[in-house]
Amino acid sequence: MSTSLLFEKLNFLILVAADAELPIAHSTRKLLMDNSCNNCQIYELYNENFKDVKTDKDWFMKKFGPQTVHFVISNTINFPFYKVVYFDLLIPVVSHTWVQDSVKTKRHLRTNMYSPNPFHLLRDCQVYISKSSFNKCEYILYSDLLHLLGGTLVNYISNRTTHVIVQSPQDPIIATVSKLTFGSFSSSSTNKHTEKPLREWKFVYPIWILYHFKMAKPLKGELATLCELDMQDTSEEQLFAKWEEVIGDKQTSSSQLTLHPNKTLFKNHHFAISPDLNFFTPLYWFLKGFIEDLDGKVTPLSFSDDLKSVYQAFPDIDCYIGHSANSPILEKTKSIKPEIHVGNVSWLFYMFALQKFTPVSQCKLIHQPFHAKLFTSKELTVAYTNYFGSQRFYIQRLVEILGGLSTPELTRKNTHLITKSTIGKKFKVAKKWSLDPQNAIIVTNHMWLEQCYMNNSKLNPKDSRFQNFKLDDNMGWNIGQIGMDHSSLPTPKNLSMVTYDTQSISEKPPPTNDQMDQINDNTNVLSKKDGTPISSFENSIDEKIDKLQKISGEVAVTHSGDLERSFVSRPSRASFPVVDSKKSNLQKKDSNSDISMETEVFCEGHEKREEKEFTKPITEYDAPKKQEIREQSRKKNDIDYKKEEEETELQVQLGQRTKREIKTSKKNEKEKETNECHIEVDQMTNEKQGEESTGKLISTEDVTSKKDTDKFSHLFEGLSDNDDHINDEKPAVNSKYTTPKTSQNITSGVDTPTTAQTQVFMPSSGNSRLAKTQAAKRLHTDIESLNEFQKNFKRKRIDSEEISLSQDVERSNNNKELATKAEKILARFNELPNYDLKAVCTGCFHDGFNEVDIEILNQLGIKNFDNIKETDKLNCIFAPKILRTEKFLKSLSFEPLKFALKPEFIIDLLKQIHSKKDKLSQININLFDYEINGINESIISKTKLPTKVFERANIRCINLVNDIPGGVDTIGSVLKAHGIEKINVLRSKKCTFEDIIPNDVSKQENGGIFKYVLIVTKASQVKKFTKLINDRDKNETILIVEWNWCVESIFHLNVDFTSKKNVLYQKKNN
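Under numbering that gives the first Met the number 0, the sequence shown has 423 at position 424, and the numbering climbs by one with no breaks.
Structure (structure tokens):
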């Protein structure tokens, strides 16, 4: 008999490794059933022979499915499908104690704490990783390692938090935490005043995680002390020393090899490391060493690399590791090596956990380089329920890379609740809150998060796919089961998604009118790539039909008044044809044939028709005709549709441009062209009359009408382009200008006389176009021929230069509008300052400015440049503080650097300009109030000197190791900006003495101090290079430094040879 609903609707699998474990297994099963579990299986491992069984995911799902297994209970991980269960299906594996303790506490306890995996050394730790100390790439890496070690990553600090990982005592989180006091509270049950205990968090360096991962054993003694944060300011040199001592050259421990025995995991794999992985130098060493220890190869890339040369030099590179999916390095890499495996750092550690090299396409969504964020934290603040263990970490990561925040608790601040079932208090409360019109919370399933990220677009969370809360019915619908090679998950039949596949349409008959109405009524609203809703049934074919009809109708209406002959008494060229009853009947008889006919007759008798007949709305046409058009166009493939859209758009633009050109051309040129057109009309008319099967004559009035309308035929040029859209019955045209598409008449199965006013349409066999079909349907045969002639006649004058000119004019007009808006905003100030700042930004203004603000800043003499070029003569840098970025370091080489300013200067300036409260006659912003701390006047004055910092130190040639983080090209460009003339790249493993270039002392005015100057990254490199030099050139001076030595010299614009900071080896003359 059930005693509680603690395990309601949950399914358990108990694994028994030996016969002696059966009693405890049955005891646990009884406890689960007493607390309302849905299903509990006991599986005896010792009775199974797994030698000939492939225990992969499919086997597990078939064996224990189809319903989801929520928990696997086992006191060991020594069963063949542990990796499948825990890492692939994300099912938590817990010991029997978890069930007992959960029943005692009457809640689901954290599964990590009860994991039987001995590698989960941090199972009892709840860790907060400071985002102030680490960039995004570093944060991802540390959180992945924490998860592998069984720790719990938290997004906020509470009294349950055990460790806080920071890099410096200046981290703002430390000051915040020091102010936290839990104070006191009153117990509602006892009315007693109780003091909350003050939590003592451990602040540790990230080497705390790295040591546990590399050595797979607890951290104790002196090493544990080294990992704790030194609250006194620690220099970078001391920090490097801590890294070296704790995890430096230590070999992988025996316990690690026992747990992860595959030492050749990356054998025959060569990894290219993208420069967008902006790691702290020792962290890069750690990652590089991690790959090399598993028998892999590593080649770092830089933004300035010639990738084609790199991949030619290392043809065995088959893997790319990067952070951003939008990196230009990644785009070039894919174009050069399309077969390369593209993943992120998480992918490396996922393979390490599986102990098997696995292509990214078979891994999780979160293992590929990340897309740009779709949401803001205000749009996506997620709570989750009914997920356990690794599933929670997966949701946290997915929400984070989408741009949102995740919280374990549900509050009014949450925008969404993610759940896969309807049980629990959170679901009930969220459903109640969802009815609140002012602050409604959206309840949806995890498929919404996955599909948003996979499609890189904001989808509707209320779509039927995402309102399915019975995902536990199928293990294949578990979170994390959408991989990179999956387009969607299966959904229940009653929740099937209506999709549109242009390729499959050609294989299905078109729906009837009743079917269409039914489908339109039941259509789900999906989303385009830009996030705008569309009907899932409506397609580009219908949109194109309506668009072309609308364009042709607008052209007819707009220009009818300009014609010399009034079109009131005859149908417009873009209006619907008049069909007599006889021919209409013929058309009905042939409705099942492959040829559809429309007849358009112009004669004097039709002049008396009322005007309303010819002004029938363009969009109102017979359903059978629309169905015929759809049926024809369904024979085209997707590529034809895309190409046609682009061509149609360009054709319309060309037609409009021709119109403007003719209107503004000289009068005599226009008359000449018109005369030539008239001659061509006569030729075409004569040829057509000769080919007609009946001897009907065209009235003089009709011919005259054609001549009168020749000069307007360019209006239809965009709709009647000469391509392969459709094979029409057209009169032969002079081969000097055009080539007829067919030389024989097209006839239907009915013996129908063809006149000069009869036009027959037939869909092309393979690659006919929808645009042509629509244009031909609307226009008269003679106008079509004239359009074809006009297009060819005018083509030479409509070239790419004119299109470019139009863009320039459009851009110029846009600039004028922006200038006018900016002047209007600035008009309220009597005096406007001219700051004369040509600046670059780094570490700020990631979202940029709107166009009006950019123009305002330009009018105030503030111009922002994306990149640093010598020709721009830059004189300012915007940064939140002193940074080690390429732009900031190069900015100190500006000649001169006038200002180094904080971004608040721009923010306050624009705020004052746009403020409507303050009525100021002038802008009161003082530049000097926004100077970056540490860049004082003495440093600014040194940028005015005629020589650069390294020139003044007599260092003009320098040797640089090839494995320096950041890449030799980036580092080299910074050094050259500050006076280094020659940079020599050394391969540390294959270097000889001849590869090291000397600093040319003889040409230096004041006498050189050091003949050999080298920048290295490791202590082992120092030993090698000093030996090479001393063996061959024993009496010469040597200086070997870290990159930080150069950075410090650039920050102070002075080289201090007396300081030992960041100097690894120094040998001077006696």
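Built from N, CA and C at the ideal position, the CB exists for glycine as well.
Item, Value
"Could you tell me the alpha carbon to alpha carbon distance between F80 and L888, rounded to whole angstroms?", "52 Å"
"Given this structure, state the Cα-to-Cα distance separating F1050 from I934, to the nearest angstrom.", "8 Å"
"Going straight from the alpha carbon of L258 to that of V126, what length do you get?", "23 Å"
"Measure the CB-CB distance between V381 and H415 and report whether it falls below 8 Å.", "yes"
"At what residues does the alpha helix (DSSP H) containing K862 begin and finish?", "Premise fails: K862 lies in the beta strand (DSSP E), 861–864, not in any alpha helix (DSSP H)."
"Counting only runs that start and end within the stretch 40–121, where is the alpha helix (DSSP H) found for 4 or more residues in a row?", "56–63, 95–104"
"Of all the options F289, L825, N1061, which has the alpha carbon lying nearest to the alpha carbon of Q255?", "F289"
"Over what stretch of residues does the beta strand (DSSP E) that includes F202 continue unbroken?", "201–203"
"Assuming contact is defined by CB atoms lying nearer than 8 Å, are F893 and L926 in contact in what I supplied?", "no"
"Using the Cα positions of K53 and L44, report the straight-line distance between them to the nearest angstrom.", "15 Å"
"Quick one: grab the DSSP three-state call for T969.", "helix"
"What are the boundary residues of the beta strand (DSSP E) that includes V839?", "836–840"
"Where does S940 sit, in a helix, a strand or coil, going by DSSP?", "helix"
"Quick check on K658: does DSSP put it in helix, strand or coil?", "Note that K658 scores a pLDDT of 47, beneath 50, so its modelled location is shaky and nothing firm can be said."
"Taking DSSP's pairing of strands, which residues face Q1065 in a bridge?", "L1038"
"Could you tell me which of F285, Y393, I320, F270 sits nearest to V297, measuring between CA atoms?", "F270"
"Assign K8 to one of three DSSP states: helix, strand, or coil.", "coil"
"Which same chain residues end up closer than 7 Å to S698 when comparing Cβ atoms and leaving out the 5 residues on each side of it in sequence?", "Confidence at S698 is low in this model, with a pLDDT of 38, below 50, so the placement of that residue should be treated as unreliable; the coordinate-derived value is given next. Excluding positions up to five away in sequence, the list is empty."
"In angstroms, rounded to a whole number, what distance separates the CA positions of I938 and I1008?", "24 Å"
"Please report the distance separating the alpha-carbon of I394 from that of Q1020.", "43 Å"
"Leaving out five residues before and five after Y210 in sequence, what residues of the same chain have Cβ atoms less than 6 Å from its Cβ?", "L218, V245, I246"
"Taking only the alpha-carbon atoms, compute the straight-line gap between T161 and K862 and give it to the nearest angstrom.", "48 Å"
"Report back the beta-carbon spacing between F265 and F356 to the nearest angstrom; my notes put them in contact at under 8 Å.", "7 Å"
"Since L900 and I931 should fall inside the 8 Å C-beta cutoff, what is the C-beta to C-beta distance between them, to a whole number of angstroms?", "7 Å"
"Which of the three DSSP states, helix, strand or coil, is assigned to P281?", "helix"
"My parser needs the alpha helix (DSSP H) runs of 4 or more residues fully inside the stretch 267–334; what are they?", "280–292, 306–312"
"Which partner residues of Q255 appear in the DSSP bridge assignment?", "BP columns for Q255 are empty, so no partner."
"Which value, in whole angstroms, describes the spacing of the CA atoms of I1055 and A952?", "Checking the sequence, you will find Asp at residue 1055 rather than Ile. Taking the straight line joining both Cα atoms gives about 9 Å."
"Is the Cβ-Cβ distance between H69 and L9 less than 8 Å?", "yes"
"Quick check: I164 and I208, are their CB atoms within less than 8 Å of each other?", "yes"
"Just how far apart, CA to CA, sit N874 and S890?", "8 Å"
"So, is I906 buried or exposed, given that buried needs 16 or more other C-beta atoms within 10 angstroms?", "exposed"
"Alpha carbon to alpha carbon, how far is Y1064 from V1040?", "7 Å"
"Can the beta-carbon of L364 be found closer than 8 Å to that of L379?", "no"
"Kindly give me the distance between the Cβ atoms of I23 and I41, rounded to whole angstroms, as I take these residues to be in contact under 8 Å.", "Rounded, the Cβ-Cβ distance is 11 Å, inconsistent with contact."
"The alpha helix (DSSP H) spanning D906 covers which residue range?", "The sequence shown places Ile at residue 906, not Asp. I906 -> alpha helix (DSSP H) spans 903–913."
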